[in-house]
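Visitor:
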Amino acid sequence: MSENEPAQMIEGRYRIVRNIAEGGMATVYEAIDERLGRTVAIKVMHTQLAKGPHREQFVERFRREANSAASIANPHIVQVYDTGEFNGLDFLVMEYVHGVNLRHEMNAQGTFSVRETLRVVAETLDGLASAHRAGVVHRDIKLENILINDRGHVQITDFGLAKAASQATLSSTGMLLGTAAYLAPEMIENNQATAQGDLYSVGIMAWEMLTGKVPFDSDNPVTLVFKHVHEDVPSVATVCQGIDPSVAAFIAHLTARQVDARPADGAAAAEELSQLAAKLPLEAWQYRLHAEPIGGDQTDATAAALVGNIAEQAPLTGVPAGAATFEPSVPAFLADDAASNTADTGGAADVNPPAPPVAPTTALDSSMLADASAPHKAQIMAQSGSETQVLPQAGDAFTRALALSDEPDVASNGTGPKKQRSKKPLIIVLVIVLVLAAIGGTAGWWWFAGPGSYWSVPKPDDVACDANAGTECSLAGADWATYESTLKALGIPYKTHKEYSDDVAEGKIVSSSVNKTKAVVNSHISKRANQELTVVVSKGVRMATIPKDILDADSANGKDPLDALKKAGFDNVKHDESKDEYSMDTPQGVALTISPDPGTTAKHNDEVTVTLSKGPMPVTMPNIVGKTQDEMQAALGELKLTANVTEQYDDKVEADQVISASQEAGAQLKWGDSVDVVISKGPEMATIPSGLVGKQESAVTKTLEGLGFEVKTDKVLGGLFGTVRTVKSGDTDLSNGGKIRLRDANGDPTVITLTIV
Numbered sequence: 001m002s003e004n005e006p007a008q009m010i011e012g013r014y015r016i017v018r019n020i021a022e023g024g025m026a027t028v029y030e031a032i033d034e035r036l037g038r039t040v041a042i043k044v045m046h047t048q049l050a051k052g053p054h055r056e057q058f059v060e061r062f063r064r065e066a067n068s069a070a071s072i073a074n075p076h077i078v079q080v081y082d083t084g085e086f087n088g089l090d091f092l093v094m095e096y097v098h099g100v101n102l103r104h105e106m107n108a109q110g111t112f113s114v115r116e117t118l119r120v121v122a123e124t125l126d127g128l129a130s131a132h133r134a135g136v137v138h139r140d141i142k143l144e145n146i147l148i149n150d151r152g153h154v155q156i157t158d159f160g161l162a163k164a165a166s167q168a169t170l171s172s173t174g175m176l177l178g179t180a181a182y183l184a185p186e187m188i189e190n191n192q193a194t195a196q197g198d199l200y201s202v203g204i205m206a207w208e209m210l211t212g213k214v215p216f217d218s219d220n221p222v223t224l225v226f227k228h229v230h231e232d233v234p235s236v237a238t239v240c241q242g243i244d245p246s247v248a249a250f251i252a253h254l255t256a257r258q259v260d261a262r263p264a265d266g267a268a269a270a271e272e273l274s275q276l277a278a279k280l281p282l283e284a285w286q287y288r289l290h291a292e293p294i295g296g297d298q299t300d301a302t303a304a305a306l307v308g309n310i311a312e313q314a315p316l317t318g319v320p321a322g323a324a325t326f327e328p329s330v331p332a333f334l335a336d337d338a339a340s341n342t343a344d345t346g347g348a349a350d351v352n353p354p355a356p357p358v359a360p361t362t363a364l365d366s367s368m369l370a371d372a373s374a375p376h377k378a379q380i381m382a383q384s385g386s387e388t389q390v391l392p393q394a395g396d397a398f399t400r401a402l403a404l405s406d407e408p409d410v411a412s413n414g415t416g417p418k419k420q421r422s423k424k425p426l427i428i429v430l431v432i433v434l435v436l437a438a439i440g441g442t443a444g445w446w447w448f449a450g451p452g453s454y455w456s457v458p459k460p461d462d463v464a465c466d467a468n469a470g471t472e473c474s475l476a477g478a479d480w481a482t483y484e485s486t487l488k489a490l491g492i493p494y495k496t497h498k499e500y501s502d503d504v505a506e507g508k509i510v511s512s513s514v515n516k517t518k519a520v521v522n523s524h525i526s527k528r529a530n531q532e533l534t535v536v537v538s539k540g541v542r543m544a545t546i547p548k549d550i551l552d553a554d555s556a557n558g559k560d561p562l563d564a565l566k567k568a569g570f571d572n573v574k575h576d577e578s579k580d581e582y583s584m585d586t587p588q589g590v591a592l593t594i595s596p597d598p599g600t601t602a603k604h605n606d607e608v609t610v611t612l613s614k615g616p617m618p619v620t621m622p623n624i625v626g627k628t629q630d631e632m633q634a635a636l637g638e639l640k641l642t643a644n645v646t647e648q649y650d651d652k653v654e655a656d657q658v659i660s661a662s663q664e665a666g667a668q669l670k671w672g673d674s675v676d677v678v679i680s681k682g683p684e685m686a687t688i689p690s691g692l693v694g695k696q697e698s699a700v701t702k703t704l705e706g707l708g709f710e711v712k713t714d715k716v717l718g719g720l721f722g723t724v725r726t727v728k729s730g731d732t733d734l735s736n737g738g739k740i741r742l743r744d745a746n747g748d749p750t751v752i753t754l755t756i757v
């Protein structure tokens, strides 16, 4: 679609009616939403920007405007309905606002009454309160961005510079975005956009509405920002000498130089204004400093919606009846950052007065305020009266005036004597010398002692800092990859080293320092001393692995498990000696159990519980002599002692009873020890063979003595025949053979008596 060609359809839904305005960034069209049957304003990015080398930056701002406005539901904010891309050009579909912008009314009226001013401020604060609650900071509040619709209500437009409050540090781009005449000091000095910064801009806007001018005015934006940083905004009462002191105090509260001296956000400021309005007397509402309207044509640069016919005004809540109101003048439209106002009256001529030389929405290279180390030619892009401008690094050019509007030289019309006229060149030279000396002195201070002599540590986008808390804003916890990009973009020298951290996630910043001193947001890094920012980046929690062989008593790790865990990197090893256990199989000092299991990888400070072996348990040798073999085995088994059993005949100890043990009763042993035990087989027995009767004495005697018996004879009639008649052992007749003890209880051989006949 040609940027000036009407009657086109976008996405088959939006029918272009007419070209409303040409801006520095986009073209604004009036269109009909065929689906919903309503009039809308469509902003289409210029072809040269969409296809240029900086496409991404412009598209980002374009889309940020849509996202920021769409995230806020408030009648005092111009709504964004839709966004998309058509023929490679990004576009926004916005609310079609019937009305004019506040700059137009300012040019028409010159000044506003207190009632008119506070009504506009109240509705502006209401819109900003919603934005601040949504976490959005506008960053470019000024008269051009305040629309007065046909119902007389404020609608805030142009969220192209808006940014999430949690990401409000501007240093990631190295640019100070905003309008120099309205920039809050912290935006200039610390590159930080806050909700209080929006309130500062509202206060400057109110100051301008009441007095007809901004408190600090200069063609050079650098001079403007210098004043905002180093001078307090003068009380509005210095110009409006009859104004109610409470009104002046409220504006002074909004424009306080220190962030924490202002209201916390739009809601807090709106509440303060509501309390002020309830107590303000009628005559205070009617106060107005009369000033001549500017008149002529007007260039309104930063509105983001179409403005049509305007009707009656809505009253400010709490304003007494009869207080003066203002009626906005003619219809006009407002385009984007560099669009010109034209009348929306069906072809009527443009009746908007010309804009005064106010500072435009400006993008100042932040290094211009903090680094003048290299000379660069100062350039101004898109030099319309209120257009977005980019001022790159200034270097030595910092001392030169940067003209933002072409002002004609004032020629002298005097007709005095030649002598008087001849002094003018000298006066001019003197003035030039004084101005250059002042500028040079300012630049010298800036370069050698002021912001030009150092970098300020920028605030990470992902770290929340409470400006009202009065505490330092640490870099700890910020994502290093993102923050490193910020440092590179700003040219801030840095070095890093990594270390493990139990509290900071991997890849996040643990700490920061400059010259071994803790560095926080806005700490200074001296350029003159060649300082650099030292950043400690977390490697995350140190991990450690439990050795797999830690339960193996034969391994090096198993022989001293506690030392092995320490060497593995574990710092929280729990070993309770009272819970150690005796073990027959595991040597003393070797791990019996470990939790988590061997081979597990865990955080170094995770608890590792170890139970060690105390080795075999000490026991006392029981008295087992005289006990049966079963009783002996039970007694030793209970003490986990091993019995080495041997058996032998014993004439005194009954069979199966313990004769003796290698360890005496009461001896100190330990589990697993062996004890030699002798078990009695009872007395040794021998068998007397049968058939001895009838044999000769000598043969029988020899047989019995050979068995170990003692033989005695009882000869009848002198044993004439020498024949054995009976064989006896005591009263036991063994004539037919038998089994008897070989020895008696005393160990003596058993006596066998032979009867010989």
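So the sequence shown is residues 1 to 757, counted in UniProt numbering.
No residue lacks a Cβ here, since even glycine has one placed at the ideal position from N, Cα and C.
If I measure Cβ to Cβ from valine 229 and keep anything under 7 Å in the same chain, skipping five residues before and after, which residues do I get?
Guide: Only Pro185, Ile188, Glu189 meet the Cβ criterion.
Visitor: Report the three-state DSSP secondary structure of aspartate 503 (helix, strand or coil).
Guide: Reduced to three states, the DSSP call for aspartate 503 is coil.
Visitor: Do you know offhand how far glycine 88's Cα is from proline 263's?
Guide: Near 44 Å, if we compare the C-alpha coordinates of proline 263 and glycine 88.
Visitor: When you compare the CB positions of valine 137 and alanine 70, do they come within less than 8 Å of one another, or not?
Guide: No. Outside cutoff.
Visitor: Does threonine 482 come out as helix, strand or coil in the three-state DSSP assignment?
Guide: Reduced to three states, the DSSP call for threonine 482 is helix.
Visitor: Excluding the 5 residues preceding and the 5 following glutamate 484 in the sequence, name in chain order all residues of the same chain whose CB lies nearer than 6 Å to its CB.
Guide: Same-chain partners within the cutoff: there are none.
Visitor: Could you tell me the alpha carbon to alpha carbon distance between threonine 755 and arginine 725, rounded to whole angstroms?
Guide: C-alpha separation (whole angstroms): 5 Å.
Visitor: May I have the straight-line CA-CA distance separating valine 658 from proline 683, to the nearest angstrom?
Guide: Cα to Cα, valine 658 sits roughly 14 Å from proline 683.
Visitor: Considering just the uninterrupted stretch of the alpha helix (DSSP H) at threonine 238, what are its terminal residues?
Guide: Counting along the chain, threonine 238 falls outside any alpha helix (DSSP H), and DSSP gives it neither H nor E.
Visitor: Quick check: the Cα distance between threonine 723 and glutamate 654, rounded to an integer number of angstroms?
Guide: Taking the straight line joining both Cα atoms gives about 38 Å.
Visitor: By the DSSP assignment, the alpha helix (DSSP H) with tryptophan 671 in it spans what residues?
Guide: Note, tryptophan 671: premise wrong, no alpha helix (DSSP H); not H, not E.
Visitor: Using a Cβ-Cβ cutoff of less than 8 Å, which residues in the same chain neighbour lysine 627 once the five nearest sequence positions on both sides are dropped?
Guide: Closer than 8 Å at the Cβ level, and outside the excluded window around lysine 627, lie Ala635, Gln657, Val658.
Visitor: For the segment 505-515 against the segment 480-497, are there 3 or more C-beta pairs whose distance is under 8 Å?
Guide: Touching, yes.
Visitor: Could you tell me which whole beta strand (DSSP E) segments of length 3 or greater appear in the segment 591-634?
Guide: If we require 3 residues or more, the beta strand (DSSP E) runs fully inside the segment 591-634 come out as 591-595, 601-603, 608-612, 618-620.
Visitor: Could you pull the start and end residues of the beta strand (DSSP E) that phenylalanine 86 belongs to?
Guide: 80-86 is the extent of the beta strand (DSSP E) around phenylalanine 86.
Visitor: From this set, Ile624, Thr646, Lys681, which residue's C-alpha is nearest lysine 652's C-alpha?
Guide: The shortest Cα separation from lysine 652 among Ile624, Thr646, Lys681 belongs to Lys681.
Visitor: Quick check on the DSSP output: the beta strand (DSSP E) that includes serine 511 runs from which residue to which?
Guide: Per DSSP, serine 511 belongs to the beta strand (DSSP E) from 509-514.
Visitor: To the nearest angstrom, how far is it from the Cα of valine 610 to the Cα of glycine 599?
Guide: Answer to the nearest angstrom: the Cα atoms are 14 Å apart.
Visitor: Please report how far the alpha carbon of isoleucine 251 lies from the alpha carbon of leucine 426, in whole angstroms.
Guide: When rounded, the distance between both Cα atoms is 43 Å.
Visitor: Kindly indicate which residue of Arg119, Thr620, Thr545, Asp549 has the alpha-carbon position closest to the one of glycine 569.
Guide: Looking at the Cα atoms, Thr545 is the closest of the given residues.
Visitor: What would DSSP say about serine 130, mapped onto helix, strand or coil?
Guide: Note: serine 130 maps to helix in three-state DSSP.
Visitor: Can you tell me whether valine 28 is buried or exposed? The criterion is at least 16 other CB atoms within 10 Å of its CB, across all chains shown.
Guide: Per the 10 Å Cβ criterion, buried.
Visitor: For lysine 715, report the span of its beta strand (DSSP E) as first-last.
Guide: Segment 710-715, the beta strand (DSSP E) holding lysine 715.
Visitor: Let me confirm a value: isoleucine 432 is counted as buried when at least 16 other C-beta atoms fall within 10 Å, else exposed. Which label applies?
Guide: Exposed.
Visitor: Going by alpha carbons, who is nearest to aspartate 733 out of Gly708, Lys702, Thr687, Glu705?
Guide: Nearest C-alpha to aspartate 733: Thr687.
Visitor: Please classify glycine 127 as buried or exposed, where buried requires at least 16 other C-beta atoms within 10 Å of its C-beta.
Guide: Glycine 127 is buried by the Cβ-count criterion.
Visitor: Spell out the partners DSSP gives histidine 575 in its beta bridges.
Guide: Bridge partners of histidine 575: Val610.
Visitor: Less than 8 Å between the CB atoms is what I'm expecting for valine 757 and glycine 706, so what's the real figure, rounded?
Guide: About 23 Å separates the two Cβ atoms, so there is no contact after all.
Visitor: Am I right that valine 537 and threonine 496 are in contact with their C-beta atoms under 8 Å? What's the rounded C-beta distance?
Guide: Right, the Cβ-Cβ distance comes to about 5 Å (below 8 Å), so this counts as a contact.
Visitor: Among Gly242, Ala249, Asp630, Lys712, which residue has its Cα nearest to the Cα of alanine 284?
Guide: Checked all of Gly242, Ala249, Asp630, Lys712; the closest Cα to alanine 284 is Gly242.
Visitor: Suppose contacts are defined by Cβ-Cβ distances below 8 Å. Is arginine 749 in contact with tryptophan 671 by that definition?
Guide: Correcting the residue identity first, residue 749 is proline in this sequence and not arginine. No. Outside cutoff.
Visitor: Thinking leucine 199 and leucine 254 are a contact (beta carbons under 8 Å), I'd like their distance in whole angstroms, please.
Guide: Rounded, the Cβ-Cβ distance is 5 Å, consistent with contact.
Visitor: So what's alanine 184 in DSSP terms, helix, strand or just coil?
Guide: In the structure shown, alanine 184 sits in coil (DSSP, three-state: anything other than H, G, I, E or B).
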